[in-house]
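Structure, as structure tokens:
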Amino acid sequence: MVKGVIFDLDGVITDTAGYHFLAWSHLAKEIGIEIDEEFNEKLKGVSRMESLEAILKYGNKENEFTWEEKEALATKKNEHYKELIQNISKKDILPGIEALLKELKANNIKIALGSASKNAPVILKQLGIEEYFDYVVDANQIKNSKPAPDIFIDALKGLNLKPEEAVGVEDAEAGIEAIHGAGMVAIGVGVNGDVNVNSTEELTYDVILRASKVC
51 MVKGVIFDLD GVITDTAGYH FLAWSHLAKE IGIEIDEEFN EKLKGVSRME SLEAILKYGN
111 KENEFTWEEK EALATKKNEH YKELIQNISK KDILPGIEAL LKELKANNIK IALGSASKNA
171 PVILKQLGIE EYFDYVVDAN QIKNSKPAPD IFIDALKGLN LKPEEAVGVE DAEAGIEAIH
231 GAGMVAIGVG VNGDVNVNST EELTYDVILR ASKVC
């Protein structure tokens, strides 16, 4: 029987990809690089610094900045992103998610957030759903981002659960790989996992139970 569920944030709880794209594309233009939404898909589930490195490589500028300058660029992007997400509210919770969180709580299932976003706690508060989460991974303390399993391993420790006692929910290939690396069963939202749904509307308590039975 499943005892815990670990959710990714972007694309699973809410959709901030558009805000990330706006912030990254604005920064990229400032340094002479043009990115599109297709390229932005490659940044899903990837840490801030790794996203910046990918953009610089895409624009053939990976060797034009010092580490300190890269950190400053990443910080600048994040400050712009935080301005953009100030208006996020409960209306931005993806369909079916709050009902699922309530049902998990009613059935004494522990809930964690396993996101690479350092802004995750702020976003959960703005969405008004932070009380559902028993543990939120502090991305500042995670050495290796997805597809490394570190985030999900930390979430399991935070919930005091074994890998076989929890399932992970992701919408990106890097996230699915991270869940598997942590020894867990993965539910894919619009991406191939062990159990798949097309959207969060299809992500129900029954799907969680079905995933927990996957060997």
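Letter by letter, the sequence shown follows residues 51 to 265 in this note's numbering. Backbone N, C-alpha and C fix where the C-beta goes; we use that ideal spot for every residue, glycine too. As the structure is a computational prediction, the values presented were derived from the model and not from experiment.
From the listed residues HIS130, HIS76, GLU180, ILE237, the smallest Cα separation to ILE143 is found for GLU180. Put simply, the backbone Cα of GLY54 is about 12 angstroms away from that of TYR182. Each of LEU259, GLY61, THR254 was checked against the Cα of GLY146, and the nearest Cα belongs to THR254. Look at THR64 here: in three-state DSSP terms it is strand.
Fewer than three Cβ pairs drawn from the segment 84-91 and the segment 241-258 lie within less than 8 angstroms of each other, which leaves the two stretches out of contact.
Here LEU163 is bridged, per DSSP, to PHE57, VAL186.
Under the DSSP assignment, ASN246 falls in the beta strand (DSSP E) whose first and last residues are 245-247.
The residues ALA166, SER195, in chain order, have a CB closer than 7 angstroms to that of SER97 in the same chain once the five nearest residues on each side in sequence are set aside.
For VAL217, the closest of THR66, LYS263, LYS175 by C-alpha to C-alpha distance is LYS263. Rounded to the nearest angstrom, the Cβ distance from ASP204 to VAL219 is 16 angstroms, too far for a contact under 8 angstroms. Setting aside the 5 residues that flank it on each side, VAL245 is surrounded in the same chain by ILE237, VAL257, ARG260, ALA261, VAL264, each with a C-beta closer than 7 angstroms to its C-beta; the list follows chain order. By the Cβ test, the segment 115-133 is not in contact with the segment 222-239, since fewer than three Cβ pairs between them sit closer than 8 angstroms.
Distance from the Cα of LEU150 is smallest, within the candidate group ASN248, PHE115, VAL62, LEU206, for VAL62.
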